[in-house]
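Counting from 1, position 39 in the sequence shown corresponds to residue 39 in my numbering; the numbering is continuous, with no gaps.
Here a beta-carbon is modelled for each residue, glycine too, at the ideal position from N, C-alpha and C.
Heads up, the thing below is written out as structure tokens.
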Amino acid sequence: MKTSLWVISVLLISSILLPSSLSEKCNPDDKKVLLQIKQDFGNPYVLASWNPDTDCCDWYCVSCDLKTNRITELSVFTGSLPGQIPASIGDLQFLESLTLKKQANLTGPLQPAIAKLKNLNFLRISYNAITGSVPDFLSGMEKLTFVDLSFNKLSGSIPSSLSKLVNLGYLRLDRNMLTGSIPDSIGEFKQTDFYLELSHNQLSGQVPASFTKLDLFNFNVSYNKLSGKIPVGGDLQNFDSYSYFHNKNLCGTPLASCKS
């Protein structure tokens, strides 16, 4: 009995005296990057749990892989991140999911360093004040399956190169200030139940005929400046007028017939 109590005491003392650096799971490279991100954002309150003396796998807004303990998710959708997305975010080389949502003070363009995140499959940067264009560099991030850039202040045209994202099944660019025509190449996505939301922009031209080839789960191009006849075929007539209305010169099913 005395031996058992002695062993237990030794284990308890060892656990207390063991340096945190030896017991924590977090990869030191990832921890260094996260602390840099926090500093670049000006040490905001929402990242207060990012304490260098604690295990970063236990920090708020991040997740670690259970096997490798590398940071695979960064998700901030509360609080307030000021300024621009820092370049340091591109140094989380094992990141698979990035969410920056409902950050009213998050401004500037989409950070080019995001292109370094070659393992990223989920990108949601929405409900912010992001400006600039939809970046062409997204087309090189071939693992992306989900892209949501809605509710920002993005301008310019939709890059046709997005069609290179062969695994993409979800694309939201609505509630921005995008202009120009919708690229025909958007109709080349092969994923089933594709989610496509382009409403509330300033897009012009016609609905591409290539859209009849899409296997659509959701589709909305309303509140733009589209014109011409809605192509017939595929899933385009499976959606009601709410997916098309408030395009002054757009016609055809499910909207009113085109004037001859």
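Rounded straight-line distance, which links the Cα of residue j to that of residue i
i: residue 242; j: residue 96; result: 34 Å
i: residue 21; j: residue 113; result: Confidence in residue 21 is poor, its pLDDT being 49 and thus under 50, which makes the residue's placement unreliable; the coordinate value appears in the next sentence. Each residue's Cα considered, the two are about 29 Å apart.
i: residue 140; j: residue 259; result: 43 Å
i: residue 60; j: residue 72; result: 13 Å
i: residue 100; j: residue 257; result: 42 Å
i: residue 49; j: residue 187; result: 44 Å
i: residue 7; j: residue 87; result: Bear in mind that the predicted position of residue 7 carries a pLDDT of just 39, short of 50, making it too unreliable to give a figure here.
i: residue 137; j: residue 165; result: 11 Å
i: residue 74; j: residue 105; result: 18 Å
i: residue 36; j: residue 122; result: 22 Å
i: residue 215; j: residue 194; result: 6 Å
i: residue 277; j: residue 209; result: Since the displayed the chain opens at 1 and closes at 260, residue 277 lies outside it and no answer follows.
i: residue 157; j: residue 176; result: 11 Å
i: residue 40; j: residue 84; result: 9 Å
i: residue 126; j: residue 148; result: 6 Å
i: residue 168; j: residue 58; result: 31 Å
i: residue 238; j: residue 68; result: 45 Å
i: residue 190; j: residue 201; result: 25 Å
i: residue 43; j: residue 51; result: 11 Å
i: residue 178; j: residue 38; result: 31 Å
i: residue 269; j: residue 153; result: This structure leaves residue 269 out entirely; the chain is present only between 1 and 260.
i: residue 119; j: residue 199; result: 29 Å
i: residue 30; j: residue 192; result: 35 Å
i: residue 115; j: residue 159; result: 15 Å
i: residue 142; j: residue 183; result: 19 Å
i: residue 245; j: residue 252; result: 11 Å
i: residue 28; j: residue 205; result: 51 Å
Rounded Cβ spacing between residue i and residue j (contact assumed at less than 8 Å)
i: residue 79; j: residue 46; result: 3 Å
i: residue 94; j: residue 124; result: With 8 Å as the limit, residue 94 and residue 124 do not qualify as a contact, their Cβ atoms being about 18 Å apart.
i: residue 26; j: residue 55; result: 5 Å
i: residue 240; j: residue 254; result: 6 Å
i: residue 196; j: residue 226; result: Not confirmed; about 14 Å, so no contact.
i: residue 132; j: residue 110; result: 6 Å
Candidates the options, of which the one nearest residue i by Cα
i: residue 108; options: 122, 117, 135; result: 135
i: residue 151; options: 239, 183, 174; result: 174
i: residue 203; options: 221, 231, 209; result: 221
i: residue 103; options: 111, 51, 235, 77; result: 77
i: residue 117; options: 91, 132, 181; result: 91
i: residue 228; options: 219, 211, 247; result: 247
i: residue 207; options: 218, 236, 149; result: 236
i: residue 234; options: 219, 224, 179; result: 219
i: residue 181; options: 155, 170, 192, 190; result: 155
i: residue 217; options: 163, 68, 172, 82; result: 172
i: residue 146; options: 161, 201, 170; result: 170
i: residue 212; options: 205, 224, 198, 185; result: 185
i: residue 98; options: 66, 62, 183; result: 62
i: residue 66; options: 24, 183, 142; result: 24
Residue i - partner residues in DSSP beta bridges
i: residue 84; result: 107
i: residue 99; result: 75, 124
i: residue 197; result: 172, 220
i: residue 249; result: 227
i: residue 178; result: 156
i: residue 148; result: 124, 172
i: residue 204; result: 181, 225
i: residue 166; result: Answer is none; residue 166 lacks a bridge partner.
i: residue 64; result: 71
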